[in-house]
Amino acid sequence: MSAPTRRARSALQALVVAAVLLALLALGEAARPAARSLSPRDIAQGVAAGGGILLGSIAVMLAVFRERWSTLGFRREAPAAVLGWGLLGLIASYLLAGAGTVVYGLAAGVSPEQLAAEKTAALSGFSELPPALILPLALFTGTYEELVFRGFFISRLRTALSPTPHDPAAAAGAVVLTSALFAVGHFYQATLGVVQTFAIGLALGALAVRRDNVWPCVVAHAGINLIGMLALRFA
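So the sequence shown is numbered by this note's numbering: it starts at 19 and just counts up by one.
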């Protein structure tokens with residue numbers, strides 16, 4: 019397959035899945051008034067349904083273009099290495115998200131107390147999750163979002179942006195664009211959540227490119243979700 023054909027195909031795949039993501043976000047925004055009356059289990063089911071639709075759209079792209087799931091960046095690596103790099107990714111994500119929070123707070127003139135209240139209010143639906151749902155939901159969202167963003171979008175955008183494999187500029191561009199999509203996908207967390215999610219996307223995107231493996235990103239993302247859900251539920 020020629021380089022132009024490969025780039026066009028990757029760009030088309032990214033555009034189709036991005037359109038599905040934006041459609042889901044539009045539906046979520048339209049349903050926001052009714053969402054206030056949803057139970058925690060309803061919210062968990064909605065998250066699972068959205069994830070399933072995105073995964074389904076990727077499965078369709080892979081089937082149509084006869085590509086394997088292995089092209090999404092999941093490769094075998096020693097468990098100790100995956101866990102170690104995942105922990106580093108988690109720490110880097112918190113550091114970048116913290117820096118983003120400070121910059122946003124200073125730029126918007128908002129106090130730390132107001133920032134915390136804004137984020138907590140945006141995620142109030144998760145504060146009453148049954149404890150038995152917390153770990154499965156953290157693992158599911160950590161896995162499917164990494165497959166979609168650091169796996170699918172980064173790999174397709176890198177190919178679409180450059181005919182040269184492992185082009186550093188294309189990798190950087192793919193990480194930034196994917197982080198922007200990742201942030202938009204979390205708009206329900208209010209402005210602070212979007213800023214923090216963009217920063218986390220940069221950290222996890224850099225990790226995925228550095229390791230050429232999405233598994234450490236899954237570990238980091240699941241850890242972030244688990245810590246956040248536990249804090250909302252029990253703090």
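Using N, Cα and C, we set each Cβ at its ideal position, and we do this for glycine too.
Excluding its 5 nearest sequence neighbours in each direction, G118 has C-beta neighbours in its own chain below 8 Å: V213, Q214, F216 and A217, listed in chain order. With contacts defined as CB atoms closer than 7 Å, L222 and G107 qualify as a contacting pair. Collapsing the DSSP output to three states places F92 in coil. Nearest neighbour of R228 by Cα position, chosen from A62, G69, G91 and R27, turns out to be G91. About 19 Å separates the beta carbon of V237 from that of V65, a gap too long to meet the 8 Å contact definition. When DSSP assignments are scanned along the segment 145-197, the uninterrupted stretches of alpha helix (DSSP H) that are 4 or more residues long and fall wholly within it turn out to be 149-164 and 172-179.
For N243, the enclosing alpha helix (DSSP H) covers residues W233 to F252. Each of V194, V193, S142 and L153 was checked against the Cα of Y206, and the nearest Cα belongs to S142.
For V128, there is no enclosing alpha helix (DSSP H), as DSSP marks it with neither H nor E.
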